[in-house]
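In what follows, a single structure is set out as structure tokens and then discussed.
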Amino acid sequence: MSENFTLPFGASVQRRSRFARLGGFKGSQLSHIERFQLRRDQEAVVGVRGSKTPDQAGKAGFALLGGHPCFLTSQDIHLGVNESCRDTARVLSGFCDIVLARVYSHSTLEELDEAASVPIINGLSDLYHPIQILADFLTLQEHYGSLSGLTVSWIGDGNNVLHSFMMTAAKLGVHLKIATPKHGTQLLLTSDPMEAAHGSNVLVTDTWVSMGQEEEKKKRLRDFHGYQITMKTGSVAKPDWTFLHCLPRKMEEVDDEVFYSSRSLVFPEAENRKWTIMGLMVSLMTDYTPQTPTPKF
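Reading the sequence shown from the start, the letters are residues 0 to 296 in numbering that gives the first Met the number 0.
Now the structure itself:
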């Protein structure tokens, strides 16, 4: 899970493997992530693909750990445009101890990690959203007391959040059912939302139009007609069913009656992103000790 990386002037640090997706982690490791406390001051960079809630969660969480977050927006940093991702990664490694990156293309994250000498966390990419899933499961653990045996139903787009759910659910003993339209999906289990919701503990959805898909909005709204989560959807779920959404939410995805009901765990989950990021950062830096060597002139 780690390797040695040599910096200029003979500095040597232990480089932790990236947190780009959840496929390489065991269930015990995922549970372990949330049980750390930071013992040293570090500096973080958060960028590039904007969204208020996750960005604020990252900054707040790292500051609470005693770190000093530095936030770079797409206006401050132009990955792969004015400077290659490889060069940017090496520059960031020089003044940061950990990088949380929100990017459009997952290949950008791979390039950053390949060249960086510090841990890289996937804050969001077009393929995966691992931090969101960790926060989701932390929220469900708090609410139900145990994850083992729960059934989660995904009703919506087959996107990055779903990909991370698929990688994680079975490792934590959670059953996963998926309902998504037939067009343009990589995996189809059912196209009937009511069938997916039947007997489930948790109903989950996300945006139907992700960043970069704005030109497809009209077609996507047509394809997802009938997929709005309502109390009728929940009527076939288990009596204690709950609801989750990544945010920001649109009315066509879930109605107000569900979104603002006592069944909704959306806002507790939003807070839990902070705690998740805190645990994740400390977990990744457990064996990482920055060194500042004295140049030999």
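Yeah, the Cβ is synthetic: ideal placement off N, Cα and C, and Gly gets one too.
> Given that a residue counts as buried once 16 or more other Cβ atoms are within 10 Å of its Cβ, and exposed if not, what is phenylalanine 266?
Replying inline: With a 10 Å radius around the Cβ and a threshold of 16 neighbouring Cβ atoms, phenylalanine 266 comes out exposed.
> Looking at the C-beta of serine 282, does it have a partner C-beta in chain B at a distance below 7 Å?
Replying inline: Judged by its chain identifiers, the structure shown contains no chain B, having just a single protein chain.
> Helix, strand or coil: which one does DSSP assign to serine 163?
Replying inline: Three-state DSSP puts serine 163 in a helix.
>> Rounding to the nearest angstrom, what Cα-Cα distance links asparagine 271 and phenylalanine 258 in this structure?
In response: Approximately 18 Å, taken between the alpha carbons.
>> By the DSSP assignment, the beta strand (DSSP E) with alanine 178 in it spans what residues?
In response: DSSP places alanine 178 inside the beta strand (DSSP E), whose first and last residues are 174-178.
> Given that a residue counts as buried once 16 or more other Cβ atoms are within 10 Å of its Cβ, and exposed if not, what is glutamate 268?
Replying inline: Residue burial is scored here from C-beta neighbours: glutamate 268 has at least 16 other C-beta atoms within 10 angstroms and is therefore classed as buried.
> What is the residue span of the beta strand (DSSP E) that alanine 236 lies within?
Replying inline: Per DSSP, alanine 236 lies in no beta strand (DSSP E) segment and is marked neither H nor E.
>> Just verifying my parser: in three-state terms, what is the DSSP assignment at leucine 133?
In response: Assigned with DSSP and collapsed to three states, leucine 133 falls in helix.
>> Buried or exposed for lysine 249, going by 16 or more other Cβ atoms inside 10 Å?
In response: Exposed is the call here.
>> Within the continuous beta strand (DSSP E) that includes proline 100, where are the two ends?
In response: In the sequence as presented, proline is not what sits at residue 100; that position holds alanine. Where alanine 100 is concerned, the enclosing beta strand (DSSP E) starts and stops at 97-101.
> If you run the structure through DSSP and keep just helix, strand and coil, what is asparagine 158?
Replying inline: Residue state, collapsed to three classes: coil.
> Is leucine 139 helix, strand or coil by DSSP?
Replying inline: Looking at leucine 139 - three-state DSSP - the assignment turns out to be helix.
>> Taking the beta strand (DSSP E) that valine 203 belongs to, which residues open and close that run?
In response: From DSSP, the beta strand (DSSP E) with valine 203 extends over 201-204.
> Do leucine 91 and valine 98 have their CB atoms nearer than 7 Å?
Replying inline: For leucine 91 and valine 98, yes; Cβs fall inside 7 Å.
> Can you tell which of Asp205, Thr285, Arg85 has its C-alpha closest to the C-alpha of glutamate 252?
Replying inline: Nearest of Asp205, Thr285, Arg85 to glutamate 252, Cα basis: Asp205.
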